[in-house]
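Asks:
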Amino acid sequence: MSGGRDLERLADMVGTPSYIYFVEDARQRVAALKNAFEGAFEVSYAVKSNPAHGVLRALLGHADTVDVSSGGEVLRALEAGWSPKTISFTGPGKRESELRLAVTKGIGEVVVESVDEARLLSRIADEHGHRQQILVRIAPTRVPPGFGDTMSGKPVAFGIDEEVLEAALDELVSLPGIELVGFHAYSGTQCLRSDAIAANWAIFKELFLRAAASTGIAPRKLIFGSGIGIPYHAEQTQVDLAAVAEAARPMLAELRDKAPDATLVLETGRYVIGEAGVLLTRVLRTKDSRGTRIGICDAGLNSHLAAAGLFGMLMRRNYRMQNVSAPAATEPAGLVQLSGPLCTSIDVLARNASFSRLEAGDVIAIECSGAYGASASPSEFISHPRVTEWIVDGAEIYDARIPRRDT
Ligand SMILES: *Cc1c(COP(=O)(O)O)cnc(C)c1O
């Protein structure tokens, strides 16, 4: 991550509000995942975390595959240069037109989330004289204690509930237009505890082996929704990947033994791109209101819904942020509030945040903003200009949203 003065220069150059993605950092995160497990896992990038063209392109040749969640994301991945075979397509509500797109584009695997979907896909593939490779997404009943943000055990729209797994697989394997090649599970995310992450994968492993046994297939691919979190807030710390690897060792050994043909895949978005991105916003004006200094910024929840605490969080907590215009710690820290420009009281980016100063014109960098930022925010609400997105790759700076044909 660049230092404060660089970020202020960037803000002057590209304007605000703007997301900056330091893609070399993202590539290093992919490499860190591969190295931590000594190559046991391939890495699949979850496009929904950040679908910007420049990001998808920057990860080519680094992440092994991409996981998409819509027909639109299929097209984005293809446009960025990902070959059809490297794409897996997840999502509980794929439309017929999206399944048809997947089949006609020749994408690698459709991750089937229900028997109904499998029937529809089989029919479509059959019509096209194709046998579509699929993975079956399994919805576990439980997550380990301390896992964090989960969707297990509750009624969920995603995947085939493990309680009905065998019956569903029985029907699925008889469908002519599809070929079952493996399994998929993703039951939660944003876990910072190494033991819980590995324990969650061990639950997946049990389900995968159970599913393989019931169908008699030797899985060729097993996708683990990684669940690995990142430290958004000041009191949080990085996941210790070495500790995850240590805790996952027995599980990986068992899979090598019992599913020797399987390529194991870690599917993650936020771990790769989250900390590689920052949102730059400028303070438009300040207001001293009833004892609190408020900075009114040009980015609000319309640019960064998650930083306003409104993207699936239980409560709003300040993201890590800094005033990149203020000289480091020359003045006494004060507690301030940062608001966005919107006419709604929920448009708050920080409360009781500590800055050395806060003046109109200052540039605030909200860190950990590379995932679930621009594309996950209601940019049309109140018709402000859409936040811009930029790639920084070495000495190059370019618009993340505009395809570049020359590289
Ligand atoms: C959202 C999603 C991911 C990525 O989750 P992160 O928290 O960004 O790592 C992976 N797999 C599936 C199926 C998803 O829906």
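Under our numbering, read the sequence shown as residues 287 to 693, first letter to last.
Positions of the beta carbon are idealized from the N, C-alpha and C atoms, including for glycine.
1) Looking at residue 604 and residue 660, is the spacing between their C-beta atoms short of 7 angstroms?
2) My output table needs one value for residue 387: the three-state DSSP class, helix, strand or coil.
3) So is residue 418 buried or exposed if we call it buried at 16+ other beta carbons inside 10 Å?
4) According to DSSP, is residue 376 part of a helix, a strand, or is it coil?
5) Compare the C-alpha of residue 356 against each of 340, 537, 373 and name the closest.
6) Skipping 5 residues on each side, what residues in its chain have a beta carbon closer than 6 angstroms to that of residue 655?
7) On the criterion of 16 or more Cβ atoms from any shown chain inside 10 Å, does residue 385 qualify as buried, or is it exposed?
8) Between residue 626 and residue 600, what straight-line distance do the alpha-carbon atoms span, to the nearest angstrom?
9) Using a Cβ-based criterion (distance less than 6 angstroms to any ligand heavy atom), does residue 556 qualify as near ligand 1?
10) Between 475, 578, 380, 360, which lies nearest to residue 516 when the distance is taken from Cα to Cα?
11) To the nearest angstrom, report how far apart residue 620 and residue 298 are at their CA atoms.
12) To the nearest angstrom, how far is the alpha carbon of residue 630 from that of residue 448?
13) Any idea what DSSP makes of residue 551, helix, strand or coil?
14) Taking the alpha-carbon positions, what's the residue 305 to residue 673 distance?
15) Check whether the Cβ atoms of residue 473 and residue 530 lie closer than 7 angstroms to each other.
16) Using only CA atoms, which one of 379, 371, 414, 497 lies nearest to residue 402?
Replies: Taking the coordinates as given:
1) Along the sequence shown, read from residue 1 onward, the residue named residue 660 stands at position 374. Along the sequence shown, read from residue 1 onward, the residue named residue 604 stands at position 318. No, the Cβ-Cβ distance between residue 660 and residue 604 is not below 7 angstroms.
2) Translated into the one-based positions of the sequence shown, residue 387 becomes position 101. Helix at residue 387.
3) The residue labelled residue 418 in the question sits at position 132 within the sequence shown. Classification of residue 418: buried, given that the 10 Å Cβ count is 16 or more.
4) For the purposes of this step, residue 376 is identified with residue 90 of the sequence shown, where counting begins at 1. Coil at residue 376, not helix or strand.
5) As a first step, residue 356 must be located in the sequence shown, where it is residue number 70. Out of 340, 537, 373, 373 has the C-alpha closest to the C-alpha of residue 356.
6) As a first step, residue 655 must be located in the sequence shown, where it is residue number 369. Spatial neighbours of residue 655 in its own chain (CB-CB distance under 6 angstroms, excluding positions within 5 residues in sequence) are listed in chain order as 563, 564, 565.
7) Numbered from 1 along the sequence shown, position 99 holds the residue referred to as residue 385. Counting C-beta atoms within 10 angstroms of its own C-beta, residue 385 has 16 or more neighbours from the protein chains shown and is therefore classed as buried.
8) Indexing the sequence shown from 1 puts residue 626 at position 340. Indexing the sequence shown from 1 puts residue 600 at position 314. Approximately 20 angstroms, taken between the alpha carbons.
9) Position 270 of the sequence shown, counted from the start, is the residue given in the question as residue 556. In this structure, ligand 1 has a non-hydrogen atom nearer than 6 angstroms to the beta-carbon of residue 556.
10) Here residue 516 refers to the residue found at position 230 of the sequence shown. Residue 475 is the option with its Cα nearest to residue 516.
11) As a working note, residue 620 is residue 334 in the sequence shown. As a working note, residue 298 is residue 12 in the sequence shown. Cα to Cα, residue 620 sits roughly 25 angstroms from residue 298.
12) The count along the sequence shown starts at 1 and reaches residue 630 at position 344. The count along the sequence shown starts at 1 and reaches residue 448 at position 162. Distance between the alpha carbons of residue 630 and residue 448 is about 43 angstroms.
13) In the sequence shown, counting from the first residue as 1, residue 551 sits at position 265. Residue 551 falls in the strand class under three-state DSSP.
14) Numbered from 1 along the sequence shown, position 19 holds the residue referred to as residue 305. Numbered from 1 along the sequence shown, position 387 holds the residue referred to as residue 673. Residue 305 and residue 673: Cα-Cα distance of roughly 7 angstroms.
15) Indexing the sequence shown from 1 puts residue 473 at position 187. Indexing the sequence shown from 1 puts residue 530 at position 244. No; because the gap between Cβ atoms is not below 7 angstroms, this pair is not in contact.
16) Counted from its first residue, the sequence shown places residue 402 at position 116. Checked all of 379, 371, 414, 497; the closest Cα to residue 402 is 379.
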